[in-house]
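In the UniProt record's numbering, the protein residues as written are 1 to 303.
Next comes the structure, spelled out in structure tokens:
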């Protein structure tokens, strides 16, 4: 079965400079070469992977590269690019299971490993507004919170995060996806009738940063949508899968991971995660889950 390609129109801010989009394209090709299933940038009829277009509010038109820039052309200019369609079902749309959480962690580790030998100066200097490194910008928007407990909880998390941030920034760094969430993870249905993690989409938040931040994003979104178990247990399954491909983060860093997860959380479980579970309690829950995987591997004879 053939699928249509996907046309992406970059927003006006992203379209101001093609450097980041070009760097993204390079990363897509790099991941594909390393066996990571993701979108493939496609050239237009002139061989360009990025094409400028203009919209006057009602019509779209190609930008003439020979325009003299005298201001006669009206409308905003945008960059567009074409991707191959990646078939699958997004993680969010499938009833979740512990195996899916495990595979998400495993895939994330494989993704980070695949990016270890990728380097581009654009990713070194870029900081997305959604990055945990930029968490302090939340202070600007505190006025939207209506409940006292919300303000108190957010300030508590922000203060704890800022205290731990210097230590976080000393942890191992490299290229991270930056938005490894349930809307960007694609699943395929296997011959066993179960869904398996198969691909990753959207490198719009990719950057050079702390590996721990990627884990925090993954665990956060899985916790929010978890329906099959106590959400606090999900981190153990993700960590177990991650450790299958990459060295497990030292246990002394788990408290920093908890801070990162709290900084990402929505209201649904933030209050319980932050106010009702201490770092020690969470570590005990995760240890129990990890031990169950270790015991299973011993019994099954797998390594």
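Each residue gets a CB set at the ideal place from its N, CA and C atoms; glycine is no exception.
Item: Cβ distance (whole Å) where residue 20 is taken to contact residue 126 below 8 angstroms; Value: 6 angstroms
Item: Residue 117 beta carbon near the ligand NAP (any heavy atom closer than 8 angstroms); Value: Of the ligands one can find in the structure shown there are none, so the ligand NAP has no counterpart to examine.
Item: Proximity to residue 262 [Cα-Cα], best of 141, 62, 158, 178; Value: 158
Item: Residue 77 beta carbon less than 9 angstroms from that of residue 53; Value: yes
Item: Cut-off 6 angstroms between Cβ atoms - residues of its own chain near residue 9, not counting five sequence neighbours on either side; Value: 78, 80
Item: Under the three-state DSSP convention, the category residue 60 falls into; Value: strand
Item: Contacting residues, own chain, Cβ-Cβ under 6 angstroms from residue 179 (five flanking each side not counted); Value: 205
Item: Alpha carbon of residue 38 to alpha carbon of residue 32, nearest angstrom; Value: 7 angstroms
Item: From 147, 108, 24, 151, residue whose alpha carbon lies closest to that of residue 247; Value: 108
Item: Among 226, 273, 237, 272, nearest to residue 287 - alpha-carbon criterion; Value: 237
Item: Beta bridge counterpart(s) of residue 89 as assigned by DSSP; Value: 187
Item: Close beta carbons around residue 4, own chain, < 8 angstroms, minus the five adjacent residues each side; Value: 85
Item: Residue 42 - DSSP class collapsed to helix/strand/coil; Value: strand
Item: Straight-line Cα distance separating residue 175 from residue 116; Value: 7 angstroms
Item: Terminal residues of the alpha helix (DSSP H) in which residue 168 lies; Value: 148–168
Item: Beta-ladder partner(s) of residue 9, from DSSP; Value: 80
Item: Strand pairing of residue 209, partner residues [DSSP]; Value: 174
Item: Span of the alpha helix (DSSP H) around residue 242; Value: 234–245
Item: Beta carbon of residue 62 nearer than 9 angstroms to that of residue 123; Value: no
Item: For residue 224, the residue or residues it bridges with in DSSP; Value: In DSSP, residue 224 forms no bridge with anything.
Item: Range of the contiguous beta strand (DSSP E) that encloses residue 198; Value: 195–200
Item: Continuous beta strand (DSSP E) stretch holding residue 52: start and end; Value: 51–55
Item: Rounded distance between the beta-carbons of residue 283 and residue 251, thought under 8 angstroms; Value: 7 angstroms
Item: Buried versus exposed call for residue 131 [16 or more other C-beta atoms within 10 Å across all chains shown]; Value: buried
Item: Endpoints, alpha helix (DSSP H) assigned at residue 121; Value: 121–125
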